[in-house]
Every structure is written in C-alpha cells, then in structure tokens.
Amino acid sequence: MSEWVDFERWKDCSQLQRPGYIFEVRNAEGQSLFTACDVPLKLPSGWTSAPVRFRLVEAPKPRHSAPIPKSQS
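In this text, residue positions in the sequence shown follow the working numbering: the first is 599, and each later residue adds one.
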C-alpha cells in the first residue's frame, strides 16, 4: 500500500495508477471506497462527507462464484 494523498490531487490519479492496483478513497467519517481512477469521482449515495484522502492499494484477487443451481421445474 502507498501513502495517503490529499484528495485535492485526485485529478492526477491517472499518473499514479498501476496494473494490478486500485485506489482506496476515504472521507472525513472514515468510510472507504475502492475504485479505479475516475475523474470526477462518483461517490456512493450514503456518503455524507466529501473525500479527504486516497491511496493506491493492491487489487483483490478474483474469486470464483458458486454455480447457479438448476431450476426445480
């Protein structure tokens, strides 16, 4: 993980992105959002405060989901 960066620099996120990594964005209340570099950033509706910082973190490994069960008809 990288160091936290002030959210005012989010417009420069394209220069910081790396393959296999995503950004963790935090607001003043401590809520986190994991996202790609998307300017302007679209915030979740549940966020009541603006983002204050972000950092580059390793992207989670993909997981296989369970197969969809066959219908019982």
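Where a beta carbon is used, it is the ideal one built from N, C-alpha and C, also for glycine.
Query, Result
"One or two residues paired with residue 620 in a DSSP bridge", "655"
"Alpha helix (DSSP H) segment containing residue 643, residue limits", "Careful: residue 643 lies outside any alpha helix (DSSP H) and carries neither H nor E."
"Cα-Cα separation between residue 658 and residue 664, rounded to whole angstroms", "18 angstroms"
"Opposing strand residues paired with residue 630 [DSSP bridges]", "624"
"Under 8 angstroms between C-beta atoms of residue 651 and residue 621", "no"
"Nearest-angstrom Cα separation, counted from residue 654 out to residue 601", "8 angstroms"
"C-alpha distance - residue 632 paired with residue 666, whole-angstrom precision", "27 angstroms"
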